[in-house]
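Residue numbers (this note's numbering): -6 to 284. Reviewing the structure listed below.
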């Protein structure tokens, strides 16, 4: 049996397959090769099946990239795989009573694709797994400056990467990730942000981490102005930029509680900004010099 372990936010994801396989390059920097610290937290067993699974139940969720079924305590996530204009879905199977065990069920042609660097990260159900470890992913560019983590969050195209680049240029900040940060609650109640293998078009990803100092919600403007958001507005902004399993009431409840704890502890700011040095100065003064 062949196994590769990937570590994200100090959580070890162990992927096991009878055949030899490779992971895509952007996952390799997250590969945990230290056997002494290679305790498996979450286990994925990749199995070969004779034919794709077709379920007749009504899905609880569906979009162009994934269909979700819930049969009793078992959740099936199916991902389209097209061959000769027909869809033969790949299936991730998970019993919610066994939170750290997953089965990835593939036909022989799908297995060949998997063995040759399938983009496996798409199919890990990370948002579900990480929530069990008090962790959530935020759509944000993440920097570390003077040991502090700052996350710039906004819809795509607003300027997250631009603001991160400005801090790198003028404040010698390090960019942890260009598109998605993993935020995990620590035992003492603080929050740490970690790099992730998902970096969007920026392609900037690292394994660095930092204690979260602030989240900055961006909007473009002809001026630079910053204000701290109240807890309710902060929660709404953060919730919109996380991945939510809306079909699962228990997931929504747990995520809501975790995000509530986060916004009550971590300041969330709204920065109306231009792409210039003054935007950096205005925000720096508020975060590091404000009350």
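Here a beta-carbon is modelled for each residue, glycine too, at the ideal position from N, C-alpha and C.
Exercise for review: Report yes if the CB atom of residue 227 is closer than 8 angstroms to the CB atom of residue 266, and no otherwise.
Suggested key: Reading the chain shown from its first residue, position 234 is the one you call residue 227. Reading the chain shown from its first residue, position 273 is the one you call residue 266. Not closer than 8 angstroms, so no.
Practice item. Spell out the partners DSSP gives residue 223 in its beta bridges. Key: Residue numbering aside, residue 223 sits at position 230 when the chain shown is read from its first letter. Bridge partners of residue 223: none, in fact.
Review point. Count the other CB atoms within 10 Å of the CB of residue 190; is the residue buried (16 or more) or exposed (fewer)?
Key: Locating residue 190 in the chain shown gives position 197, where the first residue counts as 1. Per the 10 Å Cβ criterion, buried.
Check your understanding: Between residue 178 and residue 119, is the Cβ-Cβ spacing less than 8 angstroms?
Key -> On the chain shown, residue 178 is found 185 positions in, with the first residue counted as 1. On the chain shown, residue 119 is found 126 positions in, with the first residue counted as 1. No, these two residues do not count as a Cβ contact at 8 angstroms.
Review point. Grouping DSSP H, G and I as helix and E and B as strand, with all else coil, what is residue 280?
Key: Walking along the chain shown from the start, residue 280 turns up at place 287. Helix at residue 280.
Review point. Which of helix, strand or coil does DSSP assign to residue 133?
Key: What you label residue 133 is simply residue 140 of the chain shown in a count that begins at 1. Residue 133 sits in a strand when the DSSP states are folded into three classes.
Check your understanding: residue 75 by DSSP, collapsed to three states: which one?
Key -> Sequence index remark: in the chain shown, residue 75 carries index 82 (1-based). In the structure shown, residue 75 adopts extended strand secondary structure according to DSSP, grouped into three states.
Point to revise | For residue 212, three-class secondary structure by DSSP | key: Along the chain shown, read from residue 1 onward, the residue named residue 212 stands at position 219. In the three-state reduction of the DSSP assignment, residue 212 falls in the strand class, which pools E and B.
Point to revise | Supposed close pair residue 173, residue 133 - CB separation, criterion 8 angstroms | key: Position 180 of the chain shown holds residue 173. Position 140 of the chain shown holds residue 133. Sure, about 7 angstroms apart at Cβ, within 8 angstroms.
Practice item. Please look up how many angstroms separate the CB atoms of residue 163 and residue 219, rounded, as I've assumed it's under 8 angstroms. Key: Counting from one through the chain shown, the residue named residue 163 turns up at place 170. Counting from one through the chain shown, the residue named residue 219 turns up at place 226. Contact between residue 163 and residue 219 is ruled out by a C-beta separation of about 16 angstroms, above the 8 angstroms threshold.
Practice item. Could you check what DSSP says for residue 144 in three-state terms: helix, strand or coil? Key: For the purposes of this step, residue 144 is taken as residue 151 along the chain shown, with counting starting at 1. DSSP places residue 144 in the strand class (E or B) of the three-state scheme.
**Study point:** Burial state of residue 206 (16 or more Cβ within 10 Å)
**Key:** Taking the chain shown and counting its residues from 1, one reaches residue 206 at position 213. It counts as buried.
Practice item. Would you list, in sequence order, the uninterrupted alpha helix (DSSP H) runs of no fewer than 4 residues that lie entirely inside the region 150 to 215? Key: Listed in chain order, they are 153 to 164.
Check your understanding: Is it the case that the Cβ atoms of residue 130 and residue 175 are separated by a distance below 8 angstroms?
Key -> Along the chain shown, read from residue 1 onward, the residue named residue 130 stands at position 137. Along the chain shown, read from residue 1 onward, the residue named residue 175 stands at position 182. One thing to note: residue 130 has its Cβ within 8 angstroms of the Cβ of residue 175.
Point to revise | Assigned secondary structure, residue 138 (DSSP; H/G/I helix, E/B strand, else coil) | key: Position 145 of the chain shown, counted from the first residue, corresponds to residue 138. In the three-state reduction of the DSSP assignment, residue 138 falls in the strand class.
Review point. Are the Cβ atoms of residue 152 and residue 268 separated by less than 8 angstroms?
Key: Start at 1 with the first residue of the chain shown, and residue 152 comes out as number 159. Start at 1 with the first residue of the chain shown, and residue 268 comes out as number 275. Judged by beta-carbon spacing, residue 268 lies within the 8 angstroms limit of residue 152, meaning their Cβ atoms are closer than that value.
Point to revise | Close beta carbons around residue 136, own chain, < 6 angstroms, minus the five adjacent residues each side | key: Reading the chain shown from its first residue, position 143 is the one you call residue 136. Once the five neighbours on either side are set aside, the close Cβ partners of residue 136 are 143, 157, 160, 166 and 168.
Review point. Residue 17 by DSSP, collapsed to three states: which one?
Key: One-based indexing of the chain shown puts residue 17 at position 24. Three-state DSSP puts residue 17 in coil, outside helix and strand.
Check your understanding: Which residues in the same chain have their Cβ closer than 7 angstroms to the Cβ of residue 85, if we skip the five residues on either side of it in sequence?
Key -> As a first step, residue 85 is located in the chain shown; it is residue number 92 there, counting from the start. Contacts found: 70, 95, 97, 116 and 118.
Practice item. If I'm right that residue 39 touches residue 4 with Cβ under 8 angstroms, what's the distance once you round it to whole angstroms? Key: Working through the chain shown from its first residue, we reach residue 39 at position 46. Working through the chain shown from its first residue, we reach residue 4 at position 11. The C-beta distance from residue 39 to residue 4 rounds to 19 angstroms, too long to fall under 8 angstroms, and the pair is not in contact.
Practice item. Identify whether residue 55 lies in helix, strand or coil by the three-state DSSP scheme. Key: One-based indexing of the chain shown puts residue 55 at position 62. Per DSSP, reduced to three states, the secondary structure at residue 55 is strand.
Check your understanding: Roughly how many whole angstroms lie between the Cα atoms of residue 74 and residue 244?
Key -> Against the chain shown, residue 74 aligns to sequence position 81. Against the chain shown, residue 244 aligns to sequence position 251. Computed Cα separation, rounded: 27 angstroms.
**Study point:** Whole-angstrom distance between residue 121 and residue 93, CA atom to CA atom
**Key:** For this step, residue 93 is matched to residue 100 along the chain shown. For this step, residue 121 is matched to residue 128 along the chain shown. Going from the Cα of residue 93 to the Cα of residue 121 covers about 10 angstroms.
Point to revise | Start-to-end residues for the beta strand (DSSP E) that takes in residue 9 | key: Indexing the chain shown from 1 puts residue 9 at position 16. Residues 4 to 10.
**Study point:** Rounded distance between the beta-carbons of residue 188 and residue 201, thought under 8 angstroms
**Key:** Within the chain shown, residue 201 is the residue found at index 208, counting from 1. Within the chain shown, residue 188 is the residue found at index 195, counting from 1. With a Cβ gap of about 5 angstroms, residue 201 and residue 188 count as contacting.
Check your understanding: Looking at the unbroken beta strand (DSSP E) that takes in residue 107, where does it start and where does it end?
Key -> Within the chain shown, the letter at position 114 stands for residue 107. No beta strand (DSSP E) holds residue 107; the alpha helix (DSSP H) holding it covers 101 to 108.
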